[in-house]
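Student:
2 protein chains.
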Amino acid sequence: MPSRRSTPLGASAIRQANLREHNLGLVLRLIIDARVPISRAGIAHATGLTRATVSSLADRLIAAHLVSELPPVMSQRAGRPAVPLVAAQGTLAAVGMEVNVDYLGVRVVDLSGTALEQRVEAADFRGSEPGRVLDRLSQMYCDVIGRLPSAIRMAGGCLAIPGLVDRPQGPVRMAPNLGWRDVDVVTMFHSHPGTADVQIRLDNEATLAARAEADVLRPAGRLSFLYVSGEVGIGGALVVDGAVFGGRHGWSGEIGHTVVDPGGRQCRCGSIGCLEQYAGKDALMRSASMDLDQPIRDLQRAAEAGDIEALAALAGAARALGTALANAVNLIDVEDVVLGGIYAPLAPFLVPGIEEILRSRVLAAPWSGLQVHPATIRDDAALIGASAAVLSDVIDDPSGWLAN
Amino acid sequence: MPSRRSTPLGASAIRQANLREHNLGLVLRLIIDARVPISRAGIAHATGLTRATVSSLADRLIAAHLVSELPPVMSQRAGRPAVPLVAAQGTLAAVGMEVNVDYLGVRVVDLSGTALEQRVEAADFRGSEPGRVLDRLSQMYCDVIGRLPSAIRMAGGCLAIPGLVDRPQGPVRMAPNLGWRDVDVVTMFHSHPGTADVQIRLDNEATLAARAEADVLRPAGRLSFLYVSGEVGIGGALVVDGAVFGGRHGWSGEIGHTVVDPGGRQCRCGSIGCLEQYAGKDALMRSASMDLDQPIRDLQRAAEAGDIEALAALAGAARALGTALANAVNLIDVEDVVLGGIYAPLAPFLVPGIEEILRSRVLAAPWSGLQVHPATIRDDAALIGASAAVLSDVIDDPSGWLAN
DNA sequence: CCGAATTTGTTATTTCGCTAAACTTATAGG
DNA sequence: CCTATAAGTTTAGCGAAATAACAAATTCGG
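Chains V and P are the protein sequences, given in the same order.
Here the numbering used here is used: the first residue of the first sequence is 1, the next is one more, and so on.
Here the numbering used here is used: the first residue of the second sequence is 1001, the next is one more, and so on.
#1: Going by alpha carbons, who is nearest to residue 336(V) out of 358(V), 345(V), 149(V) and 72(V)?
#2: Indicate whether at least one CB of chain P lies closer than 8 Å to the CB of residue 260(V).
#3: Beta-carbon within less than 7 Å of residue 211(V)'s beta-carbon, same chain only, minus the 5 sequence neighbours each way: which residues are those?
#4: Counting pairs of Cβ atoms below 8 Å between the stretch 171-181 of chain V and the stretch 328-348 of chain V, do you hit three or more?
#5: Applying the criterion that 16 or more other CB atoms from any shown protein chain within 10 Å of the CB defines a buried residue, is residue 1059(P) buried or exposed?
#6: Kindly indicate which residue of 176(V), 113(V) and 193(V) has the alpha-carbon position closest to the one of residue 146(V).
#7: My parser needs the beta strand (DSSP E) runs of 3 or more residues fully inside the stretch 1276-1344 of chain P; what are they?
#8: Per the contact definition of three or more C-beta pairs closer than 8 Å, is the stretch 324-332 of chain V in contact with the stretch 1242-1258 of chain P?
#9: Shortest alpha-carbon distance to residue 97(V) belongs to which of 112(V), 83(V) and 141(V)?
#10: Is the stretch 273-280 of chain V touching the stretch 229-238 of chain V in the sense that three or more CB pairs, one from each, lie closer than 8 Å?
#11: In three-state terms, what does DSSP make of residue 1074(P)?
#12: Looking at C-beta atoms only, is the number of pairs between the stretch 143-163 of chain V and the stretch 93-108 of chain V that lie closer than 8 Å three or more?
#13: Roughly how many whole angstroms lie between the Cα atoms of residue 325(V) and residue 249(V)?
#14: Between the stretch 73-88 of chain V and the stretch 26-35 of chain V, do three or more beta carbon pairs fall short of 8 Å?
#15: Could you tell me how far apart the beta carbons of residue 89(V) and residue 112(V) are, in whole angstroms, since I believe they sit closer than 8 Å?
#16: Have a look at residue 107(V) and residue 1190(P) and give me their C-alpha separation to the nearest angstrom.
#17: Which two residues bound the contiguous alpha helix (DSSP H) that contains residue 1367(P)?
#18: Taking the C-alpha atoms as reference points, what is the distance between residue 1117(P) and residue 1215(P)?
#19: For the candidate residues 206(V), 63(V) and 148(V), whose alpha-carbon lies nearest to that of residue 159(V)?
#20: Is it right to say residue 1391(P) is buried, meaning 16 or more other beta carbons lie within 10 angstroms of its own, or is it exposed?
#21: Can you list the residues of chain P that residue 373(V) reaches, using a CB-CB cut of under 8 Å?
#22: Helix, strand or coil for residue 1159(P) per DSSP?
#23: So for residue 147(V), helix, strand or coil by DSSP?
#24: I need the straight-line Cα distance from residue 185(V) to residue 1267(P), nearest angstrom please.
#25: For the beta strand (DSSP E) containing residue 1234(P), name the first residue and the last one.
#26: Going straight from the alpha carbon of residue 1352(P) to that of residue 181(V), what length do you get?
#27: Apart from the five residues on each side of it in sequence, which residues of its chain come closer than 7 Å, Cβ to Cβ, to residue 399(V)?
#28: Tell me whether the beta-carbon of residue 1125(P) lies closer than 8 Å to the beta-carbon of residue 1143(P).
#29: What does a CB cutoff of less than 7 Å around residue 1315(P) pick up in its chain, not counting 5 residues either side in sequence?
#30: I need the DSSP call for residue 202(V), collapsed to helix, strand or coil.
#31: Listed from N- to C-terminal order along the chain, which residues in the stretch 229-250 of chain V have their beta-carbon within a distance smaller than 9 Å of any beta-carbon of chain P?
#32: Could you check the C-alpha separation between residue 1394(P) and residue 1401(P) for me, to the nearest Å?
#33: Give the range of the alpha helix (DSSP H) segment to which residue 1385(P) is assigned.
#34: Any C-beta of chain V sitting closer than 8 Å to the C-beta of residue 1055(P)?
#35: Pick helix, strand or coil for residue 68(V), following the three-state DSSP scheme.
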């Protein structure tokens, strides 16, 4: 039973023109989200619209090259075989981009979800010069775009940033791990020639990663979860009813600065006792007596080998995470916690400790069936989410892409 | 900029019949929420619908006795005077009810928002027998209903419970301060004769109180806040985009069990160091060396008189509240914190301390304009919210009330 | 192999709610 | 008293979906 909005504030009048657009988006969404290709009749059944109406809508989408027909499939049943409809390949694409602490990424995806291009460059961007970073990023963008077939229409782009971002156009308010403050990245991105024709927007990295994860979990019916992404910092995002919940400005999810020890360690954010200082990557490595620059896989291997220090470090992180997550789940009532970033490979060593604390500290635990899982998407989650976000807007309102 | 849903999961096909119903609800909502009565032309302007369409919808609502016309008002301007439309009085009503630790309440409100009846009975219900309590409540309900004019149609009822409730029909999973667990209150309520014709549902007390507060703050544009209700326990609720955000099961908002001191005091919930143990009513009174049963006004007076112990107790509560609220706001990104229950009268002594901690611990504080305010509604907030919740459903979909 | 049954997709035709535009009503202002 | 202005109503028409009939392509039973 999803939570209903008690007051439809955003609701506006539905006019006949909107009606058609709405249903057009609905049909396209159904076609694209279907696990196995769906037919016109199937859509009619799922939506309650008549086959005639669906046919008309589907034909428009096909004419606009947003949808294509597959050969009819013999279903072993009586009756005329259905014509499967799928998202068109290579006609409309979106670009997802990411600036993170240790890499830049550009990814181009078409409506069918296939990645047409992807490029990732590793480097260290702590305390970096924003202008240079974005110059490099727009260069990568131009390279990638140049390699695409010219027939492809570009729907737009979305840039993931590990920090507080004013959606949708910036500025970046604060990206502590990059050392950025009040940076107008959109303008910087567009200062490079060859980026003039694409419209880009910004969002938080963890938010977009959670979105990618939500797209994967939604078909399985897992619609509400708290996503926690462990990196140098700890990001997070809320997903409710299958959609990311950004809050007032899109700044929800900053679980990394939950207080887990009021009299504890000083955090980079200026506060004291933040989760990040107990379960962030640096804290983990330090507590396991490993080098801060070592890859997380080293810690994973050590733990798998039974290394006492590694296991103790992970147990400590689990305690801190459990406390912070218990607070969060008491406040939000999700049915799932998803561990992303470095926590995904470490999950086997973290989940038991976290779940123990959740059981004792979450008021609704006996009834909510709360679970903790590693993330399904391990690499490039934010990139995937960013490109998906742009396409999702097209899918929800395809009317702008109907005419050639 | 309200957070968009990235995926319209709940969206279903809009058919022509739905369209009319949707717009009917929209018009009714506009009429009822208007600060000053709105005219047909005003609605047309606000919605983008034509005057003709609005007229047709309004006439239906008038015929159904959901809306009535006021005498035309001379506006000092040229042109035909507008006919103000208002919610009909005394034709359709809803009942809000509450079982709380120290009182029972029943309130009947009509569409216009005027309370037709209200009755509150004080008593101590800690460790009470659910059957007896609900017998008394349904008796009160019957008394109150008997006093109403017979022409009034009853839309339904909503019962507020201070605990974890399975919406909408129960059972009550856990109400720690009542000492209830897995109680089927709906059936108990209906076991009394004379309650057969009303359909009731359940919700959490703080959730409904927050809803009432949201109805008041919405017109002022304050659309997202965290509501904290101090009583013996500490309840809470989230409001985003002007609507209460219940989460997966409606169990969001349990801020009372946020950990503010991991090595601290034992809480009734079985956990350790919960906010409730540092800022709940009992903790406050104890820390101020007052009697646990004393009314909160005594503490307020002592603080106003400059009593050192009282001020110190309040400062300590503010610290604990500030820490818990900082965690919450980092996670949710609201623009407001609203202090309800016993915190409302104590706000002058709590707000400075809370705000100081929020400024230092909330990552987005420099940009979010976060503020802390006392609640506008001081008494019977949950009762008000409960009755409003029922009416709100009618307003959003009045189609069931059109035929006689 | 053939016809009945079944399911898909298409093609008129109808229905129903909204729009547009003209019209009526009721005021203000010169 | 006439004009301007705005609110509300009426009428004709449009557009999107519903309805219903039909065509197409299969299975299945004889």
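Glycine included, each C-beta is placed from N, C-alpha and C at the ideal position.
Tutor: The relevant details are as follows:
#1: 358(V)
#2: yes
#3: 244, 385, 388 and 389
#4: no
#5: exposed
#6: 193(V)
#7: 1336-1341
#8: yes
#9: 141(V)
#10: yes
#11: coil
#12: yes
#13: 22 Å
#14: yes
#15: 5 Å
#16: 59 Å
#17: 1365-1368
#18: 20 Å
#19: 206(V)
#20: buried
#21: Ordered by position in chain P, no residue passes the 8 Å Cβ test against residue 373(V), which lies about 15 Å from the chain.
#22: strand
#23: coil
#24: 48 Å
#25: 1234-1240
#26: 28 Å
#27: 21 and 24
#28: no
#29: 1353
#30: strand
#31: 236, 238, 240, 241, 242, 243, 244, 245, 246, 247, 248, 249 and 250
#32: 8 Å
#33: 1381-1396
#34: no
#35: strand
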